[in-house]
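Participant: Below: one structure in structure tokens.
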Amino acid sequence: MNSSRPYMVRALYEWIVDNDCTPHMLVNSEHRSVQIPKGFASDGQIVLNVSPSAVRHLHMDNDAVSFEGRFGGVAHTLYVPIGAILGVYARENGQGMVFDMEAPGAEEEALEVEEGQPGDDVPPGGRPRPAGRPSLKVVK
Numbered sequence: 008m009n010s011s012r013p014y015m016v017r018a019l020y021e022w023i024v025d026n027d028c029t030p031h032m033l034v035n036s037e038h039r040s041v042q043i044p045k046g047f048a049s050d051g052q053i054v055l056n057v058s059p060s061a062v063r064h065l066h067m068d069n070d071a072v073s074f075e076g077r078f079g080g081v082a083h084t085l086y087v088p089i090g091a092i093l094g095v096y097a098r099e100n101g102q103g104m105v106f107d108m109e110a111p112g113a114e115e116e117a118l119e120v121e122e123g124q125p126g127d128d129v130p131p132g133g134r135p136r137p138a139g140r141p142s143l144k145v146v147k
């Protein structure tokens with residue numbers, strides 16, 4: 008099954024814009040393939056204003072978000088893989104959603120687990136049972 012993250016990013020963006028708010032995107036600037044202007048990130052993250060009035064040529068698909076934005080008055084082309092998006096929220100009220108940080112190579116690891124051979128030490132589902140008390144977690 009495809010990741011729900013790109014669908015959630017697009018839905019949150021539309022919801023925020025439809026409510027006349029300013030969509031902001033929290034991005035992991037250290038994620039591989041992220042293309043942002045150097046010197047604008049802080050602590051490995053950057054917040055991008057992706058409102059229709061702030062960007063040009065916005066394109067969102069299942070792989071990435073790309074657009075042209077201005078930093079210090081200079082136009083830059085930005086490319087943000089979906090896995091690098093940590094959250095989408097409205098500047099005015101903070102409403103939106105934060106996503107779990109994806110580990111580098113998580114997609115490749117998932118494929119390797121699914122391709123395990125019968126008799127491997129991995130139980131069905133690909134993960135060993137955790138010891139201790141059960142807990143709930145957000146599923147992507």
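When the count follows the numbering used here, it moves up by one through the sequence shown with no breaks and lands on 147 for the last residue. We put the CB at the ideal spot given by N, CA and C, even for glycine.
Assign Ala18 to one of three DSSP states: helix, strand, or coil.
Facilitator: Helix.
Participant: Under the three-state reduction of DSSP, which class applies to Gly94: helix, strand or coil?
Facilitator: Strand at Gly94.
Participant: Return no unless some Cβ of chain D is closer than 9 Å to the Cβ of Asp50.
Facilitator: No chain D appears in the structure shown, which is made up of a single protein chain.
Participant: For the beta strand (DSSP E) that contains His38, what are its first and last residues?
Facilitator: His38 -> no beta strand (DSSP E), and no H or E assigned at all.
Participant: How about Leu93 and Leu33: are their beta carbons less than 9 Å apart?
Facilitator: Against a cut-off of 9 Å, the Cβ pair of Leu33 and Leu93 comes out as a contact.
Participant: According to DSSP, simplified to helix, strand and coil, what is Val5?
Facilitator: Beyond the ends of the chain as shown, which are 8 and 147, falls residue 5; an answer cannot be given.
Participant: Taking 8 Å as the cut-off, is the CB of Ile43 close to at least one heavy atom of the ligand NAP?
Facilitator: Among the components of this structure there are no ligands whatsoever, and the ligand NAP is therefore not found.
Participant: Would the beta-carbon of Asn26 fall within 9 Å of that of Ala97?
Facilitator: Contact: yes.
Participant: Between Val95, Pro44, Glu75, Asp70, which has its C-alpha nearest Arg63's C-alpha?
Facilitator: For the residues Val95, Pro44, Glu75, Asp70, the minimum Cα distance to Arg63 belongs to Glu75.
Participant: Using three-state DSSP, classify Val57 as helix, strand or coil.
Facilitator: Note: Val57 maps to coil in three-state DSSP.
Participant: With DSSP as the reference, identify every bridge partner of Met67, one or two as the case may be.
Facilitator: Paired residues: Val72.
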